[in-house]
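Novice: Shown below is the structure under consideration.
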Amino acid sequence: MNRLFSLNTTRSLIRCSGAKIETSQFLQGLITNDMNHLVQDNSCIYTLFLNKAGRVLYDSIVYKTPVTDDSKEDFLIECDASVVNSLKKHLKLYRVRRKIEIALSEDHDVWCFQGSTELLKSSKDLKICTDPRLKEIGSRIISPKDQNLKNFLKESLPEVQEASNEDYVAHRYKFGICEGVIDLPPEKALPLESNCDYMHGVSFHKGCYIGQELTARTHHTGVIRKRLMPVFFEKEITFKADEVNDVKDEENKSVGKIRNIVGQYGLGLLRIEQMSLEAVKIEEDTKSYRKDKIDEKTKEDEPEKIKFQCSTCSMSEMVDYFGKSPTFIRNIELVEDSYVMKDPFTAPPTRNGTRSFTEYFIVLGSHCVMCNSVVCKDCSLFYKSTFCYSCAHSEVTQFPLEVQSKIRKEILAIKNI
């Protein structure tokens, strides 16, 4: 069956172009995948942009496009249409003084085509590549807006069917493929829980990138307790995103959550240990129940979390402690009240272990000593106490000269964004 899915309402493109090597190295430091995989023109890779805490901001497909000037590079970055301006701002934030052009590409359309693309390769205007996540999804096609791809296909392949966006989502869900902010809630989803490694979207051999530390540590320790999984329902389910859509066992204990449902297909973030059975019983209220018993370890009530949200960059995270002396760390006292979380990917050190207790926790931020606003470590300056950059700038002359220089550079970088 030849099916064409139009993604113009749900996916958008950003063009990133500039000097050769400099442009690819710029993206290399921001994404989970390796830009060195983009060797040939019209090739593409799947990747994620992460925040500093290692959580997903945007899922993307990066395309390498042909250029006439050998000293230049040009890439198209496909992302969820609802966050395209946010991703554009994110790219400009880290561009600093590089001579790289970042702009919305509104002269192209994005398609997914399920079927043979041999006849389409005769058109030089089309960028065609197999979906880098899973070949069964089909081919990704980037076409100029002034070219009527639908008519072109109908002339070449009369039996081609035009399918709806709901059909495309259901098609993805059959294979457990996530895409966009509904499937990957920004600043909440984790890359390996979202199967980024299974979808060829992360490199564990490249250099550093934003969010790399926790992702690499998770991979090398092998501690992944939950995964996004495809879910099939015996009947069509009406999904309401604002409701609590828990998957529960017969003892009413949660084993995961449903992210989204289209028709009889859905995606759920489910605990791996509890997924030994294939059958899931669906009740009328759309909550799901499993027949197998939950692991004893998950029966314990988790301790109450504290919400941390930076007032500058809006980074949000649930932490385990606020204060100077975290109860889960021995013989360590912080110099000021701080928001502290256990490293979710590191086992607690044993009494006679070789690892330090400092490897078991992460300090996310604190309060500005002047205005009391909550700021993360990357949006603040620490000199005896924590200062947000706004307060530090207003009192810049009170700091030593080398600290003054750092403050002025940071403020200048922010103004240039």
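Each residue of the sequence shown is one higher than the one before, counting from 1 in the UniProt record's numbering.
All C-beta atoms, glycine included, are put in the ideal place defined by N, C-alpha and C.
Determine the extent of the alpha helix (DSSP H) in which C310 is found, giving its start and end residues.
Specialist: First-last for C310: undefined, no H or E at that position.
Novice: Go to L48, then tell me how far its beta strand (DSSP E) extends in each direction, as first and last residue.
Specialist: L48 -> beta strand (DSSP E) spans C44 to L50.
Novice: Which residues share a DSSP beta bridge with D59?
Specialist: In the DSSP output, where bridge partners are listed per residue, D59 has L48.
Novice: If you scan the region 114 to 178 from start to end, which runs of the beta strand (DSSP E) of 3 or more residues do you find wholly inside it?
Specialist: Listed in chain order, they are 127 to 130, 139 to 144 and 161 to 163.
Novice: Which of the three DSSP states is assigned to V181 in this structure?
Specialist: helix
Novice: Hey, out of T397, C388, P400 and P186, whose CA is closest to E410's CA?
Specialist: C388
Novice: Can you grab the Cα-Cα spacing for the pair E22 / C129, in whole Å?
Specialist: 25 Å
Novice: Could you name the residues of the same chain whose beta carbon sits closer than 7 Å to that of Y173, not counting the 5 residues immediately before and after it, in chain order?
Specialist: Within the same chain, P230, V262, Y265, G266 and L267 come within 7 Å of Y173 by CB-CB distance, once the 5 residues on both sides are set aside.
Novice: Less than 8 Å between C-beta atoms, sequence neighbours within five positions excluded: which residues of the same chain meet that for N42?
Specialist: Y63, K64, T65, P66, K127, I128 and C129
Novice: Between L334 and the rest of its own chain, which residues show a CB-CB distance below 6 Å, the 5 nearest in sequence each way excluded?
Specialist: K324
Novice: Using beta-carbon positions only, say whether N51 and E187 come within less than 7 Å of one another.
Specialist: Cβ distance < 7 Å, so N51 and E187 count as in contact.
Novice: Looking at E78 and S60, is the spacing between their C-beta atoms short of 7 Å?
Specialist: yes
Novice: Within a Cβ cutoff of 8 Å, which residues of the same chain sit near Y209, ignoring the five residues on either side of it in sequence?
Specialist: Q28, G29, L30, I31, T32 and L50
Novice: Quick one: grab the DSSP three-state call for V39.
Specialist: The answer is coil: DSSP assigns V39 none of H, G, I, E or B.
Novice: From I362 to I332, what distance separates their C-alpha atoms?
Specialist: 13 Å
Novice: Can you tell me whether V39 is buried or exposed, with buried defined as 16 or more other CB within 10 angstroms of its CB?
Specialist: exposed
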